[in-house]
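Beneath this line is the structure, given in structure tokens, with notes to follow.
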Amino acid sequence: MPGKLKVKIVAGRHLPVMDRASDLTDAFVEVKFGNTTFKTDVYLKSLNPQWNSEWFKFEVDDEDLQDEPLQITVLDHDTYSANDAIGKVYIDIDPLLYSEAATVISGWFPIYDTIHGIRGEINVVVKVDLFNDLNRFRQSSCGVKFFCTTSIPKCYRAVVIHGFVEELVVNEDPEYQWIDRIRTPRASNEARQRLISLMSGELQRKIGLKVLEMRGNAVVGYLQCFDLEGESGLVVRAIGTACTLDKLSSPAAFLPACNSPSKEMKESPLVHPPSHGCRSTHNSPIHTATGSRLTQNFSVSVPTLIYTGTGSGSAGKEGGPLKALLRQQTQSALEQREFPFLTLTAFPPGLLVHVGGVVSARSVKLLDRIHNPAFVGIMGNTRSYKLLDWNSFNSDEPETRDAWWAEIRQEIKSHAKALGCHAVVGYSESTSICEEVCILSASGTAAVLNPRFLQEGTVEGSLEQRIEENLPVGCGFCHIPYDELNMPFPAHLTYCYNCRKQKVPDVLFTTIDLPTDAVVVGKGCLIQARLCRLKKKAQAEANATAISNLLPFMEYEVHTQLMNKLKLKGMNALFGLRIQITVGENMLMGLASATGVYLAALPTPGGIQIAGKTPNDGSYEQHISHMQKKINDTIAKNKELYEINPPEVSEEIIGSPIPEPRQRSRLLRSQSESSDEVTELDLSHGKKDAFVLEIDDADAMEDVHSLLTDVPPPSGFYSCNTEIMPGINNWTSEIQMFTSVRVVRLSSLNLTNQALNKNFNGLCENLLKSLYFKLRSMTPCCLCHVNFTVSLPEDELIQVTVTAVAITFDKNQALQTTKAHAEKSLQRASADNEEMLQFPLELCSDSLPSHAFPAAKEHLESASSNSGTPAAQRAVTVEKASPMGDGNFRNRSAPPCASSTVGVVKMTPLSFIPGAKITKYLGIINMFFIRETTSLREEGGVSGFLHAFIAEVFAMVRAHVAALGGNAVVSYIMKQCVFMENPSKNQAQCLINVSGDAVVFVRESDLEVMSAQQPAVNCQPSCTGEVTT
Amino acid sequence: MTSELDIFVGNTTLIDEDVYRLWLDGYSVNDAVALRVRSGILEQTGATAGVLQSDTMDHYRTFHMLERLLHAPPKLLHQLIFQIPPSRQALLIERYYTFDEAFVREVLGKKLSKGTKKDLDDISTKTGITLKSCRRQFDNFKRVFKVVEEMRGSLVDNIQQHFLLSDRLARDYAAIVFFANNRFETGKKKLQYLSFGDFAFCAELMIQNWTLGAVGEAPTDPDSQMDDMDVDLDKEFLQDLKELKVLVADKDLLDLHKSLVCTVLRGKLSVFSEMETNFKNLSRGLVNVAAKLTHNKDVRDLFVDLVEKFVEPCRSDHWPLSDVRLFLTQYSVSVHSLDGFRHQVLWDRYMGTLRGCLLRLYHD
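These protein sequence lines are chains V and Y, in that order.
First residue of the first sequence: 1, per UniProt numbering; consecutive thereafter.
First residue of the second sequence: 1, per UniProt numbering; consecutive thereafter.
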């Protein structure tokens, strides 16, 4: 159905001088959408032109609206020669297409040129009139909302979570077309930017259609990536989680709705407490699934690992009827779907029942170069012609790529099944490409989910139901999902240290965020495993084979390193695990990042034992014992540093804040500890158990040394790669998002694996040290969502890109726990009502009915003494705003809020802003930029070039958000930063792809003021101003 | 392993005040790193030299990128590339335009031309300020001068508006512009004891009283030639000053003036006898300075003349400042009682300012 796009060009400022003679510019603007172009008048001789154009109107159908970007080109008029382009602005008008997001785009946009960077700004107003009633509108893919946030967005609640959606589109890369030889770099870059913009639009529209088919209305955890495959093309692929979301309007509206479901829950068989038998323990580290098949091209499917935990053991009986039941139920909901995957990393309370462990799969593929000139209908509509005009197009390609991914997903699915799980959460996919070799990776966390969330037609508001009311909250997710009698691998199990009823593994690895209700002791920390492996340069299939032969070893070593470092920290669980394997010409790099924590439900980790191979040598023995001592000291020091003092006791009576010592727990612990010392063979992998480090050669020595070289952050600093740091919840509103990039050149001669490892380790450690130093004025602070990306742009170059946010916290508030504790128990009485307030993550975490374990006292430090709400780890975001206050605020219609902070746009990789409430999601930001220079030295060398470019990218993101009426980007991510240099030619090129959710937030302090006095706070344009109402 | 590329970009631009100062002072990255090491920052933070080097480079790069914007401070406020809190923006601008006392004394009153710029090498050697910093300061003077030179209205206001400086700094720049425009000599040896503050004080008085803008009647015709109201001295006023000559040329008038002053001050000055003997010389000096101001050359020498004709004689007789004040006051006021003298208003406009200047200039 058609719509009308209206664009008005208001003015420009700070334009560059285009006419040297007059030091002025005769600027005019071309506005292009689809194939229609309008022009403004030429504004003579000014660097600050005031065009004040009429409304340019484009009549288009909504498919075009979704696919095409609005393209604004600023030019300098030249009577005698061709007009010179000053630069362009691409505006994604998607946010205007759904009713709840932005209604107008209006503001100053940086005018961007791929060669010169930002050259002045232009003020533009964009509106869309859709000619349709709301109902018809909903039938179109236009209405589907997209969120990068990997949790249910703050002002929505999930009615149904439908599941996995994916799509990919393929095209030829303009950079590799024959025409590229005769056109200018600028033209080539712009063709690329435009193509990717079109492809993203198309991809999003297609995903939207799939969501509508599933009867959803939104995609959460939307992750779109580009694969620059070089000559074989350009792949744009996306995954996400289809949901049906409801906007939270006012608390009153949903309070009653929630009571009935919870009542119904009581009747559900699921509520019945699972019966527990006694079990003895054990478990194993790694489950290997090997497979290798050849696709029509060449492909090696690499043996993949399932990380669950390590140890050893035997199994008891009683898988638990609950589990079986759950499995059955969810099967109906999930199994019918091809891939029961969720890209979410945080979940509405109650959804996540059990977590099995990390599942991952990789596959090495050869990119083919078959060019079948087939122009027809891959994309099945007219747009494809636009994409394809001069391309020859390989019609096999999308299917090929689809098949590749389908294969990997299938593998993931079977891994999950092996772990007794029917679903995978925290799911993500990535690629690493070097020449014609491509490693496809997928990973996620095998989990058992509560089926109620996944089915349509269950009682409305089902998401808030908590089926496991009698299951202790805070440890349920740790309980093993697999059947003990029929375990997929030998595992070391103990009774849950929290509830004492269910079995838990001794170590838990996951890719998700720490569940809000998880009971954690002390603070967490960033744990990284870093690994390099040299590989011979080879061609095609030999190369792919070499890589696939190396991969399992790398996986194993990464895992071992993670495990050792975890032990060294005295912790027992990893969250947000992300393992990146990067392929280069002559080496493979592995970088795993995760946040280690001590889960109260899991047993205390044993130490690390060092064993020597040659026990006869006395000095060697001495050396060994010296090392052992060092390791033990480090563990002790770390325990102190991260405040890990696990309670010796466990709580029996839920709700009682007073801990009671219990003998049994002590007994159990010692048992498990002793079993730690037992060296267990990991049968599936044929290597030693992770607890014991055997020093039998130099490599192993190296490993131990590297373990000890990791320096803890300076005092006042914490770091994690999850959303928030367990154990800290008194965040202030001071945040600083940053990107740091380093490229190092390795001295190429006689590189060994060891030297490489050392270099790589040093690079990462130094980078972290630099960050701590730079941000020292923010202490005490925590680096959250630390995201490392490694790439190998050339033979001897390693590039590491880090994006993270530093958040300051208030040390003094941290200790007011006991008071909050008392209030907590009070509140629990009324919790039944309150829990129905469904601010899916934050608030619900507050109102969890029954989380008072003694352990909780240690770490559930409440920042919210003023509101009296019990604070779980997530309490940060709800600090002051009581649910009621929040509701009141939302009732007041107008959100004039952005104005108070106009000019400042916050950016954060987190899904929330500390000390503030997100009141509106304005739409997804997904931008792709190319910057190129032929005067690298003049621009300050590679550092100057990239520094300026990244600053420009930030500026353009902020400008777009401000133009949408927003004041922040949440879930911001720099998905790609591809940097290429050619210093001898004085050239460099960089491609950056960023995305995030544009939002409006209101400071909680303002919130109170504002609800007191009606929206007198009106828009006051400040410098970057250009208020958008 | 060498670092090819090493950058840090924050959504809010990080500004390290200490590094900014080092950058402004014109130190190279290596020098700056060395100075930072000496400040003990490594011990305080536990950082390594490599970290410090990388950090310093980053800041220098940022400052380099910001410099273009600092040349036109309003641009810094409106640009989108660097997100900087307003207080930090103000700090960046203020510091960038802050100058060294030693430097400004060298160029005060000089033509802000290429020729002077060539002398910066010498100034750098003489003052110990890095050449880079000298250049920045010189370019700042010149830039401000160029922008406000042709502008109408209050000099200080114009500077504040176009460079967003604090009131204090804008006043200093007004003095620099005023001195550069009138090319007052400040470099002579006998003027070396004077500080920039002394000159700035005088400049402010002169701008307030001796320029066209000081008359307070804005030209009604906007096209009139009297555009630069605050920067140029009031030519008509300077012409009129010739009329004051009668005070010393007419012997009767001079005697009468002297006796009036002496009558009042007798017993009140510790240096009364010296004053009595020197009166005529001093008076001649002060009036002749006024009478000569029609010539550009003599305008330039105003401060030299004042020091030679008034400050030095008094100082050699060890006049205390309070006596100078008493004398100058009485000297100015007594003229009102001279019946034969018709240029009272002119006298007051001249002497009011001169008295203020002289009192400021009178120190060791």
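Quick reminder that beta carbons are idealized off the backbone N, C-alpha and C, glycines included.
Closer than 7 angstroms at the beta carbon, the chain Y residues around residue i
i	result
V999 of chain V	The contacting residues do not exist; V999 of chain V stays about 15 angstroms from chain Y at best.
M907 of chain V	N11
9 angstroms Cβ cutoff met for residue i and residue j
i	j	result
G201 of chain V	D61 of chain V	no
Q204 of chain V	N926 of chain V	yes
P909 of chain V	S1005 of chain V	no
I950 of chain V	I15 of chain Y	no
L80 of chain Y	R958 of chain V	yes
Q507 of chain V	Y497 of chain V	A small correction: the amino acid at residue 507 of chain V is Val; Gln does not occupy that position in the sequence shown. No, the pair does not count as a contact, with Cβ atoms beyond the cut-off.
S232 of chain V	E436 of chain V	yes
I408 of chain V	A361 of chain V	yes
Beta carbon proximity, residue i to chain V, threshold 9 angstroms
i	result
K75 of chain Y	yes
R349 of chain Y	no
F138 of chain Y	no
V29 of chain Y	no
Q79 of chain Y	yes
D230 of chain Y	no
T220 of chain Y	Here T220 of chain Y scores only 48 on pLDDT, less than 50, and its place in the model is too uncertain to base an answer on.
S39 of chain Y	no
A90 of chain Y	no
Residue closest to residue i, alpha-carbon to alpha-carbon, out of the options
i	options	result
D368 of chain V	V:T779, V:M571 and V:T400	V:T400
K110 of chain Y	Y:Y96, Y:L76, Y:L326 and Y:I176	Y:I176
I179 of chain V	V:V170, V:V437, V:W404 and V:A191	V:A191
E585 of chain V	V:N498, V:S46, V:C438 and V:I992	V:C438
residue 1066 of chain V	V:M980, V:F477 and V:L574	There is no way to answer for residue 1066 of chain V, as the model of chain V reaches only from 1 to 1029.
E734 of chain V	V:M956, V:D810 and V:L756	V:D810
S133 of chain Y	Y:K268, Y:F201, Y:E17 and Y:L22	Y:L22
A601 of chain V	V:F553, V:G476, V:S593 and V:I579	V:G476
G153 of chain Y	Y:R68, Y:M229 and Y:Y97	Y:M229
N281 of chain Y	Y:K268, Y:L265 and Y:K258	Y:K258
F341 of chain V	V:V236, V:W404, V:A447 and V:V905	V:A447
F279 of chain Y	Y:V248, Y:G197 and Y:H295	Y:V248
I728 of chain V	V:P793, V:R745, V:E765 and V:I807	V:I807
Below-9 angstroms beta-carbon distance, residue i vs any chain Y residue
i	result
R530 of chain V	no
K769 of chain V	yes
T901 of chain V	Bear in mind that a pLDDT of 35 at T901 of chain V, under 50, signals an unreliable position, so the model cannot answer this.
H785 of chain V	no
K824 of chain V	Residue placement at K824 of chain V cannot be trusted, given a pLDDT of 41 that sits under 50; what the coordinates show is reported in the next sentence. No, its Cβ sits nowhere closer than 9 angstroms to a Cβ of chain Y.
T952 of chain V	First, the amino acid is wrong: residue 952 of chain V is Glu here, not Thr. Output row for E952 of chain V: interface = yes.
V89 of chain V	no
E121 of chain V	yes
E981 of chain V	yes
Contacts of residue i in chain V (Cβ-Cβ under 7 angstroms)
i	result
S87 of chain Y	Near S87 of chain Y there are no residues of chain V at all, since even the closest Cβ is about 13 angstroms away, more than 7 angstroms.
Within chain Y, the residues that residue i reaches when beta carbons sit closer than 9 angstroms
i	result
V741 of chain V	L5, D6, I7, F8 and V9
G940 of chain V	R61, H64 and M65
Within chain Y, partners of residue i - CB distance below 8 angstroms
i	result
P110 of chain V	L80 and I81
E585 of chain V	Near E585 of chain V there are no residues of chain Y at all, since even the closest Cβ is about 17 angstroms away, more than 8 angstroms.
Q736 of chain V	G10, N11, T12 and L14
Proximal chain V residues relative to residue i, where beta-carbon distance stays under 8 angstroms
i	result
V51 of chain Y	N766, K769, S770 and F773
Residue-chain proximity (residue i, chain B), Cβ-Cβ < 9 angstroms
i	result
G12 of chain V	Absent from the structure is chain B; the protein chains it does hold are V and Y.
Where the stretch 10-37 of chain Y meets chain V: residues whose CB sits under 9 angstroms from a CB there = G10, N11, T12, T13, L14 and D16
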